[in-house]
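Keeping their order, the protein sequence lines are chains F and L.
According to our numbering, the residues represented by the first sequence are 20 to 366, in order.
According to our numbering, the residues represented by the second sequence are 20 to 366, in order.
Note that the Cβ used here is the ideal one computed from N, Cα and C, for glycine as well.
Computed from a predicted structure; not experimentally measured.
2 protein chains.
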Amino acid sequence: MADTPKSLASEIMLKSGKPTLRTIADLTGFAVTTVSRALSNAPQISAETRKRVHEVAAEIGYLPDRAAQRLKTGRTNVICVLLDPHEEILGYGISLMHGLAKALRDTPYHLIVMPNFINGANIDAVRHIVRNGMADGLIFSRTEPFDPRVRLLLENGFPFVTHGRTEFTTPHPYVDYDNFSFAYEATKRLIGRGRRKPMIILPPKRMTFSQHLLHGFMTAVREAGVGYEIPDEINLDCPVEEIRDFMSRRAAQRDAPDGFACGGEVSALATITGMSDHGLTLGLEYDIVAKRTSKLLSQIQPKVETIYEDLTDTGEQMGRVLLARIAGDETTEMQVLLKPQISFPTV
Amino acid sequence: MADTPKSLASEIMLKSGKPTLRTIADLTGFAVTTVSRALSNAPQISAETRKRVHEVAAEIGYLPDRAAQRLKTGRTNVICVLLDPHEEILGYGISLMHGLAKALRDTPYHLIVMPNFINGANIDAVRHIVRNGMADGLIFSRTEPFDPRVRLLLENGFPFVTHGRTEFTTPHPYVDYDNFSFAYEATKRLIGRGRRKPMIILPPKRMTFSQHLLHGFMTAVREAGVGYEIPDEINLDCPVEEIRDFMSRRAAQRDAPDGFACGGEVSALATITGMSDHGLTLGLEYDIVAKRTSKLLSQIQPKVETIYEDLTDTGEQMGRVLLARIAGDETTEMQVLLKPQISFPTV
DNA sequence: TGGCTCATTTAAAACGTTATAAATCCCATC
DNA sequence: GATGGGATTTATAACGTTTTAAATGAGCCA
């Protein structure tokens, strides 16, 4: 452990642009191997050496070269998130990513995004990532009961966390929102306000959470013994104008619904607009209870009752679970079901 | 150039998990160097060899190892996008990223996102990326006239494209929206509808495009010789409720504005809500012309006139410009100013 | 002192690619 | 029949890290 004079230190620093293990080795007099070990806190390194190496590393601002680490270890230190085009609206995707990034802070992991250009579960991207080891873990939303992406990942033992559940018998990590409870509670509130014919706007049928929402809705409806309606023509993924037009048409017909459980803020706004085309007023002729994922709706339309889904928290939990899964941690609970905050939260 | 029998081929394939240059070399009988050259279409390789190597590579699904390439060349094949928390609303950030990803398709570039957790231009993230060569190029929004990030990047010759301009004398690549024209046109429309006291809701003053908007607004106002008002208490980054409350308060006072140029859809909705608190109706007592970046507003509130800003296109152009900048292409125009589509586009 | 163990440290190889420099080969030319 | 040169191909050395196996040194007992 040579005590390097200042001049030598700066000379060594100047010669090499970016500090590497070699730089620290030259500076301390240790071998590269020792430096590597000291920095990764390997047990066989003496406390004194470890301390000295850490000091020098901090001083010269050493940062391990990601490419070299990745090449050697096979670990990429990359988490990949698959982004669906439907996540564009109202910051859905960004909130999730923000939460993810929060969980990944102070870890070596980087977040790379792969937007899905084609519609539906993009199995090709997943296969590509798995086959070529492009990431250490995968995150995606909008699962289907027998989602081919989940099957592929399970078969290959590739770490991932879904936002949404499946119906495979093999359990896998997920962080999901309890959409049954949401729909059940939302519908009960509508009925509680005296509405006798609630309608629910569902996501496309193929997705798992569509079934959960439907189930919650039907449970509430049957318990109360009221009528109900489920539109076939529209879903939460439809363009705003289609939902609005549908509501407008429907309002003009007989036996129009008098309550709406909306799975998203946009569909709630579209419903209000469509209904108002026929002079129907929110709070008077009908009510809405909607899922709230941003601050927008409840501020713009305080008459819409909302139940909150915290997507940033969801993202953060997904990150946490994925890191545990990658680390092979068996103690962490890998399946998280987030309960709706049904206690009328204020923004 | 040995013609390898099938059995040997499969044997070689089996031995090594992931195909590498070595695999192709063994399969074709060429040296690793030759294979590398053939795949990168180096001029000194014979057409015949090149063809054969490409064939085999395609057949076994060879993909170059990113880590090895990065280690050797120093190029990361990564584009980093800095995400501001204010980009959360209405899919602003996601649209941009979608466009970016579109430009990066069929290139080796991956898109990594770094959300900004602290408020304001986060120079630390930029310094970290530059110093440690974490990416080949950088993308960010919400520039300030003398944005420290731009200065740092210019000083280091690091490739980047901003969404927004600066006032540095050294030119740098940007893709911006002509916010002067937007504000000018929006205000003229308000005046054209007979409004005599327009108001504009601006982004925080420190950002360059705030000045552009202000300038456009003032030009229109002065040309027409009408009154105007510019609120000091609120800006486009404010939470929805603050804008709504402000509008509500302002509507109650004397000489309330009768026209609003809104730089975002959310502020437009908040304005409508705030005004309606005092029984003022859009289209009757006042008008709004707003910037439209999603399908939401114009469908929900057809009475709000909108002028479109295509953020997906913006992202795509930014990607295109950045790739050209990285490639050192001098012919590509590095400064793009997107004109508002003032011709009353339909969604 | 020699031999043994345990605690540290080290040298060398490897990950998969590209760059540099050197080696072939083929053919035309003297 | 050598000589030179252009066209191809190749061996070797890196890039910065981790891993494997080997070396060094100190302490201890015989």
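Specify the secondary structure class of Val-100 (chain L) as computed by DSSP and reduced to three states. Here residue 100 (chain L) corresponds to residue number 81 of the second sequence, with the count starting at 1. Three-state result, Val-100 (chain L): strand.
Where does Pro-364 (chain F) land, buried or exposed, given buried means 16+ other C-beta within 10 angstroms? For this step, residue 364 (chain F) is matched to residue 345 along the first sequence. For Pro-364 (chain F), the predicted structure reports a pLDDT of 40, less than 50, and the residue's modelled location is therefore unreliable. The matter cannot be settled from this model.
Short of 6 Å in beta carbon distance, which residues of its chain neighbour Arg-56 (chain L), apart from the five on each side in sequence? Order them along the chain. Position 37 of the second sequence, counted from the first residue, corresponds to residue 56 (chain L). Cβ within range, chain order: Ile-64.
Does Ala-76 (chain L) pass the burial test, meaning 16 or more other C-beta atoms within 10 Å, or should it be called exposed? Taking the first residue of the second sequence as position 1, residue 76 (chain L) is located at position 57. The residue is buried, with at least 16 neighbouring Cβ atoms inside 10 Å.
Since Lys-216 (chain F) and Val-245 (chain F) should fall inside the 8 Å C-beta cutoff, what is the C-beta to C-beta distance between them, to a whole number of angstroms? In the first sequence, counting from the first residue as 1, residue 216 (chain F) sits at position 197. In the first sequence, counting from the first residue as 1, residue 245 (chain F) sits at position 226. Yes, Lys-216 (chain F) and Val-245 (chain F) are in contact; Cβ-Cβ is about 7 Å, under 8 Å.
Counting only C-beta atoms, is Ile-43 (chain L) closer than 7 Å to chain F at any point? As a position in the second sequence, residue 43 (chain L) is number 24, starting the count at 1. Cβ-Cβ to chain F under 7 Å: no for Ile-43 (chain L).
Does any C-beta atom of chain F lie closer than 7 Å to the C-beta of Ala-367 (chain L)? This structure leaves residue 367 (chain L) out entirely; chain L is present only between 20 and 366.
Give the DSSP bridge partners of Arg-311 (chain L), in chain order. Along the second sequence, one-based indexing puts residue 311 (chain L) at 292. L:Tyr-327, per the DSSP bridge assignment.
Span of the alpha helix (DSSP H) around Ser-286 (chain L): Here residue 286 (chain L) corresponds to residue number 267 of the second sequence, with the count starting at 1. Residues 284-295.
Within this structure, are the beta carbons of Asp-296 (chain L) and Ser-267 (chain L) separated by less than 7 Å? Locating residue 296 (chain L) in the second sequence gives position 277, counting from the first residue. Locating residue 267 (chain L) in the second sequence gives position 248, counting from the first residue. Yes, these two residues count as a Cβ contact at 7 Å.
Take Lys-121 (chain F) as the anchor and find which of L:Leu-102, L:Ile-43, L:Lys-70 has the nearest alpha-carbon. One-based indexing of the first sequence puts residue 121 (chain F) at position 102. Answer by Cα proximity: L:Leu-102.
Contact set for Asp-195 (chain L): own chain, Cβ-Cβ below 6 Å, skip 5 residues either direction: Working through the second sequence from its first residue, we reach residue 195 (chain L) at position 176. These residues qualify, in order along the chain: Gly-183, Arg-184, Leu-356.
Reducing DSSP to helix, strand and coil, say where Met-116 (chain L) ends up. What you label residue 116 (chain L) is simply residue 97 of the second sequence in a count that begins at 1. Three-state DSSP puts Met-116 (chain L) in a helix.
Backbone CA spacing between Leu-130 (chain F) and Leu-157 (chain L) [nearest angstrom]: Against the first sequence, residue 130 (chain F) aligns to sequence position 111. Against the second sequence, residue 157 (chain L) aligns to sequence position 138. So the two alpha carbons sit approximately 15 Å from each other.
Length at least 3, wholly inside the region 127-185 of chain L: the beta strand (DSSP E) runs in chain order: 129-134, 156-160, 179-182
Within a Cβ cutoff of 6 Å, which residues of the same chain sit near Thr-23 (chain F), ignoring the five residues on either side of it in sequence? Working through the first sequence from its first residue, we reach residue 23 (chain F) at position 4. In this prediction, Thr-23 (chain F) scores a pLDDT of 42, lower than 50, which makes its location untrustworthy; no coordinate-derived value is stated.
Simplified DSSP assignment, three categories, for Asp-332 (chain F): As a position in the first sequence, residue 332 (chain F) is number 313, starting the count at 1. If DSSP states are grouped into helix, strand and coil, Asp-332 (chain F) belongs with the helices.
Quickly, what does DSSP pair Leu-58 (chain L) with across the bridge? List them, please. As a working note, residue 58 (chain L) is residue 39 in the second sequence. BP columns for Leu-58 (chain L) are empty, so no partner.
Given that a residue counts as buried once 16 or more other Cβ atoms are within 10 Å of its Cβ, and exposed if not, what is Ile-113 (chain L)? One-based indexing of the second sequence puts residue 113 (chain L) at position 94. The residue in question, Ile-113 (chain L), is buried, as its Cβ has 16 or more Cβ neighbours within 10 Å.
Where Phe-265 (chain F) sits in the DSSP three-state scheme: Locating residue 265 (chain F) in the first sequence gives position 246, counting from the first residue. The answer is helix: DSSP assigns Phe-265 (chain F) an H, G or I state.
Does the distance from the C-beta atom of Thr-92 (chain F) to that of Ala-154 (chain F) stay below 7 Å? To locate residue 92 (chain F), count along the first sequence from 1; it is residue 73. To locate residue 154 (chain F), count along the first sequence from 1; it is residue 135. No, Cβ-Cβ distance for Thr-92 (chain F) and Ala-154 (chain F) is not below 7 Å.
Where DSSP assigns a beta bridge to Pro-217 (chain F), which residues make up the other side? Within the first sequence, residue 217 (chain F) is the residue found at index 198, counting from 1. DSSP lists F:Gly-278 as partners of Pro-217 (chain F).
Does the pairing of the region 159-169 of chain L with the region 223-230 of chain L give three or more beta-carbon distances under 8 Å? yes
Closer than 7 Å to chain F by CB, His-129 (chain L): On the second sequence, position 110 is the one that residue 129 (chain L) refers to. At least one chain F Cβ lies under 7 Å of His-129 (chain L).
Report, in whole angstroms, the separation of the C-beta atoms of Ile-319 (chain L) and Ala-275 (chain F), which I expect to be a contact under 8 Å. For the purposes of this step, residue 319 (chain L) is identified with residue 300 of the second sequence, where counting begins at 1. For the purposes of this step, residue 275 (chain F) is identified with residue 256 of the first sequence, where counting begins at 1. Going by Cβ atoms, the distance from Ile-319 (chain L) to Ala-275 (chain F) rounds to 20 Å, so no, they are not a contact pair.
Would you kindly work out how many angstroms separate the C-alpha atoms of Gly-403 (chain L) and Ile-210 (chain F), rounded to a whole number? The structure shown does not extend to residue 403 (chain L), since chain L is modelled only from 20 to 366, so the question has no answer here.
Alpha-carbon to alpha-carbon, Leu-58 (chain L) and Gly-36 (chain L): Locating residue 36 (chain L) in the second sequence gives position 17, counting from the first residue. Locating residue 58 (chain L) in the second sequence gives position 39, counting from the first residue. Looking at the two C-alpha atoms, the distance is approximately 20 Å.
CA-CA distance, Tyr-247 (chain L) and Ser-286 (chain L)? On the second sequence, position 228 is the one that residue 247 (chain L) refers to. On the second sequence, position 267 is the one that residue 286 (chain L) refers to. One C-alpha to the other measures close to 18 Å.
Considering Cα atoms alone, identify which of L:Gly-338, L:Lys-358, L:Gln-360 is closest to Thr-351 (chain L). Taking the first residue of the second sequence as 1, we reach residue 351 (chain L) at position 332. It is L:Gly-338.
Pro-190 (chain L) and Val-180 (chain L) look like a contact to me (Cβ under 8 Å); what is the Cβ gap, rounded to whole Å? For this step, residue 190 (chain L) is matched to residue 171 along the second sequence. For this step, residue 180 (chain L) is matched to residue 161 along the second sequence. About 12 Å; that fails the 8 Å criterion.
Backbone CA spacing between Met-20 (chain L) and Asn-60 (chain L) [nearest angstrom]: Taking the second sequence and counting its residues from 1, one reaches residue 20 (chain L) at position 1. Taking the second sequence and counting its residues from 1, one reaches residue 60 (chain L) at position 41. Reliability fails at Met-20 (chain L), whose pLDDT of 36 lies under 50, so the model's placement of it is uncertain and no value is given.
Confirm, please, whether the CB-CB distance from Arg-311 (chain F) to Thr-325 (chain F) is below 7 Å. Residue numbering aside, residue 325 (chain F) sits at position 306 when the first sequence is read from its first letter. Residue numbering aside, residue 311 (chain F) sits at position 292 when the first sequence is read from its first letter. In contact: Thr-325 (chain F) and Arg-311 (chain F) (Cβ atoms closer than 7 Å).
Mind checking the region 255-287 of chain L against chain F and listing, in chain order, the residues whose C-beta falls within less than 8 Å of any C-beta there? Pro-258, Val-259, Glu-260, Arg-263, Val-285
Decide if Ile-291 (chain L) is buried, meaning its Cβ has at least 16 other Cβ atoms within 10 Å, or exposed. Counting from 1 along the second sequence, the entry for residue 291 (chain L) is found at position 272. Buried, since its Cβ has 16 or more Cβ neighbours within 10 Å.
CB contact below 7 Å: Asn-151 (chain F) versus chain L: Against the first sequence, residue 151 (chain F) aligns to sequence position 132. Interface residue, yes.
Could you name the residues of the region 316-343 of chain F whose beta carbon sits closer than 7 Å to any beta carbon of chain L, in the order they occur along the chain? Gln-318, Ile-319
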